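Undergrad: One structure coming up, written as C-alpha cells, with questions to follow.
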Amino acid sequence: MSEVVLAGNPNTGKSSLFNTLTGSYEYVGNWAGVTVEKKVGTLKGGKGTLIDLPGLYSLNPLSHDEEVASRFLLGESFDTILNVVDASQLERNLNLTVQLLEYGKPLVIALNMMDVARQSGLEIDTIRLSGLLGVPVIPVVARSGKGTNQVLEAITGAAPGEELKPYFISYGEGLENAAAELTKRMPEGTLSPRWMAIQFFEGNSVVRAALEASIDTKWLNQLYTTTEEYHQHTFGVRTLSQYIRKQRAEHIHAYLEQCIRYTKEG
Ligand code: GDP
Ligand code: K
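First residue of the sequence shown? That's 1 in UniProt numbering, and the numbers climb one at a time after it.
See the structure below:
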C-alpha cells in the first residue's frame, strides 16, 4: 500500500487527475485548523491512497493553502509525491517542482495539458526532462484519461524503477555554507534537513516555527540576517528570498532550453 500525495499549481488539472486515479470513493473534510478542503481517495486497484493537497505556487507560506502543504510535508509520513505540472506553463510550474524535489521523497511528475502544449506549438522532450530532473515524467491529458494508467503504475511502484539521479540545485557557496551551519543545529532524525534550511532562508514561516521549537530564536535571526546581508552586498539582491527564487528560475530556464522546442505554427 502506498500513500501518495498530490501536489501542483492551481488549475493544472489536479482535480481531474485525482478523480481519474481514485474512481468514485473519496473522503472529503477539512485540513486541521483551517477551512481548506482535504480530499483523500483510494487509488484504483486498491494499491494505496491519494491525498490531495491544495493547489499552490510555492511552499513558501503566503496563503492557508501553502501553509497546509508545508505543515503536511513537515509532519506527515507518506511514500511518494505526485506532482501535477501544466506542460503549457512549464517554466512557472517547475518552481514548485524544484522545492518538492529538494524535500527528497520519491517524486513522479504527471506532465498534464499535453494537448494544450502541443496546440500552442510547444514540443517537450519528456525523456530529456526526466533525465535532467532525475524523476519519472509522464505525459498526461487528464481530461481524456490519456497517460493516467502509466501514472498509476509509477506511483504504486508497478512500473520498473529507473536509475535516476535526483535533481539538486546549488544555491552558491554563501547560502550552502549557511544551510550547512543550520542543519548541524537541527535535532537528530530531522527529516529533509537541507530542504528545511533552504525553506527557512526563503522565508517559510511554518518551517521557521518548527526550527524555533529546538533552536534558539536569536541564533536563527542572526544567521538569517548575516546570510541576507552577505547576499545583498555580494549579489545586489533586495532580499534573501529574492536571491533564492532568482537562482531557481535561472536553473529552470537553463534546463528547459535543453528540452523544449517551438514548432513553426507556435
Ligand atoms: P485543478 O484546479 O488543478 O484541480 O484543475 P481541474 O482538474 O479543475 O482542471 C482545470 C480545467 O482544466 C478544467 O476545465 C479541466 O477540464 C481542464 N483540464 C484538466 N486536464 C486537462 C488536460 O489535460 N487538457 C485540457 N485541455 N484540459 C484539461
Ligand atoms: K479548480
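Think of the CB as a built atom: it goes at the ideal place given N, C-alpha and C, for glycine as much as any other residue. All of these numbers come straight from a predicted model, not from anything done at the bench.
In terms of residues, what are the limits of the beta strand (DSSP E) holding Thr20?
TA: Residue numbering aside, residue 20 sits at position 20 when the sequence shown is read from its first letter. Where Thr20 is concerned, there is no enclosing beta strand (DSSP E), although the alpha helix (DSSP H) it sits in stretches over 14 to 22.
Undergrad: DSSP state of Ser77, grouped into three classes?
TA: For the purposes of this step, residue 77 is taken as the residue at position 77 of the sequence shown. Residue state, collapsed to three classes: coil.
Undergrad: Using a Cβ-Cβ cutoff of less than 7 Å, which residues in the same chain neighbour Gly147 once the five nearest sequence positions on both sides are dropped?
TA: Reading the sequence shown from its first residue, position 147 is the one you call residue 147. Result list for Gly147: Ile138, Pro139, Val140, Val141, in chain order.
Undergrad: For Asp52, report the span of its beta strand (DSSP E) as first-last.
TA: Along the sequence shown, read from residue 1 onward, the residue named residue 52 stands at position 52. Unbroken beta strand (DSSP E) run through Asp52: 48 to 52.
Undergrad: Is the region 22 to 38 in contact with the region 175 to 188, if contact means three or more CB pairs nearer than 8 Å?
TA: Touching, no.
Undergrad: What is the DSSP secondary structure of Lys105, counted as helix, strand or coil?
TA: Within the sequence shown, numbered from 1, the residue matching residue 105 stands at position 105. In this structure, Lys105 counts as coil in the three-state DSSP scheme.
Undergrad: Helix, strand or coil for Val135 per DSSP?
TA: To locate residue 135, count along the sequence shown from 1; it is residue 135. Reduced to three states, the DSSP call for Val135 is coil.
Undergrad: Going straight from the alpha carbon of Leu220 to that of Leu74, what length do you get?
TA: The count along the sequence shown starts at 1 and reaches residue 220 at position 220. The count along the sequence shown starts at 1 and reaches residue 74 at position 74. Each residue's Cα considered, the two are about 18 Å apart.
Undergrad: Enumerated in chain order, which unbroken segments of the alpha helix (DSSP H) with a length of 4 residues or greater are wholly contained in the region 153 to 224?
TA: Taking only runs of at least 4 residues, the alpha helix (DSSP H) segments lying wholly in the region 153 to 224 are 173 to 185, 193 to 202, 205 to 212.
Undergrad: Which two residues bound the contiguous beta strand (DSSP E) that contains Ser2?
TA: If you number the sequence shown from 1, residue 2 lands on position 2. Taken as a continuous stretch (DSSP letters only), the beta strand (DSSP E) holding Ser2 covers 2 to 8.
Undergrad: Nearer than 7 Å: is that true of the beta carbon of Asn149 relative to any heavy atom of the ligand GDP?
TA: Against the sequence shown, residue 149 aligns to sequence position 149. No, since every heavy atom of the ligand GDP falls outside the 7 Å radius drawn around the Cβ of Asn149.
Undergrad: Could you check the C-alpha separation between Gln222 and Leu132 for me, to the nearest Å?
TA: Translated into the one-based positions of the sequence shown, residue 222 becomes position 222. Translated into the one-based positions of the sequence shown, residue 132 becomes position 132. Cα-Cα distance, rounded: 36 Å.
Undergrad: Go ahead and label Val151 buried or exposed: buried means 16 or more other beta carbons lie within 10 angstroms of its beta carbon, across all protein chains shown.
TA: The residue given as residue 151 occupies position 151 in the sequence shown. Val151 is buried by the Cβ-count criterion.
Undergrad: Let me check understanding here. Comparing Cα to Cα, which of Gly145, Arg71, Arg208, Met114 lies closest to Gly33?
TA: As a first step, residue 33 must be located in the sequence shown, where it is residue number 33. Among Gly145, Arg71, Arg208, Met114, the Cα nearest to that of Gly33 is on Arg71.
Undergrad: I think Tyr57 touches Asn9, with their Cβ atoms under 8 Å apart; what is that distance to the nearest whole Å?
TA: For this step, residue 57 is matched to residue 57 along the sequence shown. For this step, residue 9 is matched to residue 9 along the sequence shown. 6 Å between Cβ atoms; contact.
Undergrad: Which term fits Arg261, buried or exposed, when burial requires 16 or more other beta carbons within 10 angstroms of its beta carbon?
TA: Locating residue 261 in the sequence shown gives position 261, where the first residue counts as 1. Arg261 is exposed by the Cβ-count criterion.
Undergrad: Counting pairs of Cβ atoms below 8 Å between the region 84 to 95 and the region 59 to 68, do you hit three or more?
TA: Contact between the region 84 to 95 and the region 59 to 68 is absent, because fewer than three Cβ pairs lie under 8 Å.
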